[in-house]
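Residue numbers (our numbering): 5 to 173.
Heads up: the structure comes next, in structure tokens.
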């Protein structure tokens, strides 16, 4: 689902492929937002944010505390009841909005730097974020030391700005 929402390929083509139809982008006729090219992509390196997330999750694991995605984002921003797990200080709120940090968490889950843990009771199922298989590539977890900086690139969608022509007087 995350790959579908973040991808730049024709949405109708993706849907037809998902349902094992081999129609391709012919049925779209340029009607989906990706075919209309209504978005620009801003590529950013999210390694520093990923390092912060992995550190927070490591500190929470030591304290035997589960953290939801919302709590992880709030902690990275320096707010909420788990802010004590953020030893590196809050992320730059001007650069990283709450929504963009949530997209980063989804991207890091998709790329296996983070993972999900589901805890089921008789009445509900809670989902928590934990360090994934590739978390060690972001940060040396045992020493809480930062490992070599390997870029983790992510594309952020933003609406295209319409350029207006200046009128001559």
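Cβ atoms here follow ideal geometry from the backbone N, Cα and C, with glycine treated the same way.
The Cβ atoms of residue 134 and residue 50 lie no closer than 8 angstroms to each other. Between residue 93 and residue 63, the alpha-carbon positions lie close to 13 angstroms from each other. Under DSSP, residue 132 forms a beta bridge with 121. When secondary structure is reduced to three states using DSSP, residue 86 falls in the coil class, being assigned neither helix nor strand. Spanning the alpha carbons of residue 95 and residue 131 requires a straight line of approximately 24 angstroms.
When rounded, the separation of the alpha-carbon atoms in residue 21 and residue 98 is 39 angstroms. C-alpha of residue 113 to C-alpha of residue 129: approximately 19 angstroms in a straight line.
The continuous alpha helix (DSSP H) containing residue 52 extends over residues 51-66. Between residue 117 and residue 102, the C-beta spacing is not below 8 angstroms. In the DSSP annotation of this structure, residue 139 is not part of any alpha helix (DSSP H), being labelled neither H nor E. Per DSSP, residue 16 is one residue of the alpha helix (DSSP H) stretching across 15-22.
Spatial neighbours of residue 121 in its own chain (CB-CB distance under 8 angstroms, excluding positions within 5 residues in sequence) are listed in chain order as 70, 131, 132, 133 and 134. Between residue 136 and residue 119, the beta carbon gap of about 4 angstroms places them in contact (Cβ cut-off 8 angstroms).
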